[in-house]
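Working notes, structure below.
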Amino acid sequence: MTKDEIIERLRNDEDYYGDFGKKFRSNSDISTLLSNPLLLGANREMIPAFLVGGYFHTAILEPDKLVKYKIVEASTRNTKKYKEISGGEMCLLQHEVDKIEVLIDKVMSNEVCKGLIQPSKYEYELPGIADIDGLMWKGKADIVNHDDKLIVDLKTTARLDDFKWSARKYNYDSQAYIYQRIFGYDMIFIAVDKSTHQIGIYDCSTDFIQRGYDKVMKATEAYNLFYTDPDFKPENFFINETL
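Residue numbers (my numbering): 220 to 462.
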């Protein structure tokens, strides 16, 4: 397949997240490759925070796809009503959706944010691939802003004051490095505090990108050892550190 044909297939969420997309490494693999490479490819457990973040992104970027979210009018996920309606599926609660709508209004009523999210030339949910040190990586950019030559990524956060720490913990640094390699633009993050509704706009320093590069190289080394080295025996692997 040509690069264009691959990217066209990756536009489809079922292909991006399914077997076809799993042929490529992605930033979501970084944590696993750095901590326990044997778990690579294991299904990630759905938690409410993932649903909330997904709804936030979808409502701003692809509102026509909101129908895929099941919303239950219940106080918690432990109520009888929720369990009956959800049928075992992880669903959003109505009060969670109400809070997300407030966040969306805050972001889109901010002129700077709106200009970054809705410039005159842009692409939403754009997939891409790149060969990085011999491994093929994929990414799907929230917003490719061609006016300002930026990749814009939307985040919700529990505490804006801790976002710089969260960016390291959740590997936004490696995401920025990978996406800049794939799409060729600098990356910025728009983060909104779920409690205070404060907005932060964060660009990426050289040190931040370097840290992301270092993570990608370590992840690549782990992948090659565990999945391409014919002489490697996983049962002999151990972590060696000095206390």
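Virtual Cβ for every residue (Gly too), placed ideally from N, Cα, C. The structure presented is a predicted model; accordingly, all values stated were derived computationally and were not measured.
Check: Closest residue to ILE336 among ILE409, GLY260 and ALA386 (Cα-Cα distance); Outcome: ILE409
Check: Spatial distance of LYS374 from MET220 (CA atoms); Outcome: 33 Å
Check: Inside the segment 318 to 365 only - alpha helix (DSSP H) runs reaching at least 4 residues; Outcome: 330 to 336
Check: Spatially closest choice to VAL321 from LEU229, PHE427 and VAL411, by CA coordinates; Outcome: VAL411
Check: Per-residue DSSP class, three states only, for MET464; Outcome: Within the shown structure, residues of the chain are numbered from 220 to 462, placing residue 464 beyond reach of any answer.
Check: Same chain only: Cβ atoms within 8 Å of HIS416, ignoring 5 sequence neighbours per side; Outcome: VAL321, LEU322 and LYS325
Check: Strand pairing of THR375, partner residues [DSSP]; Outcome: VAL411
Check: Closest Cα partner of GLU308 within the set PHE239, ASN297, ASP426 and VAL316; Outcome: ASN297
Check: Nearest candidate by alpha-carbon position, reference GLY347, set TYR235, TYR432, VAL286 and LEU462; Outcome: TYR235
Check: LYS359 vs LEU229 beta-carbon contact at 9 Å; Outcome: yes
Check: Distance between beta carbons of LEU354 and TYR442, contact taken as under 8 Å; Outcome: 6 Å
Check: Given 8 Å, three or more beta-carbon pairs between the segment 376 to 386 and the segment 242 to 260; Outcome: no
Check: Counted within 10 angstroms of its Cβ, other Cβ atoms place ARG400 as buried (16 or more) or exposed; Outcome: buried
Check: Cα-Cα separation between ASN390 and PRO338, rounded to whole angstroms; Outcome: 27 Å
Check: For GLU227, the nearest candidate out of LEU345, MET265 and ALA377 (CA to CA); Outcome: LEU345
Check: Through-space distance from LYS357 to ILE225, alpha-carbon basis; Outcome: 10 Å
Check: Selection from GLY260, GLU281, ILE407 and ALA293 that minimises the alpha carbon distance to VAL331; Outcome: ILE407
Check: Alpha carbon of ASP426 to alpha carbon of THR251, nearest angstrom; Outcome: 23 Å
Check: Cβ neighbours of PHE275 in the same chain (closer than 6 Å, five flanking residues each side left out); Outcome: ILE319 and THR375
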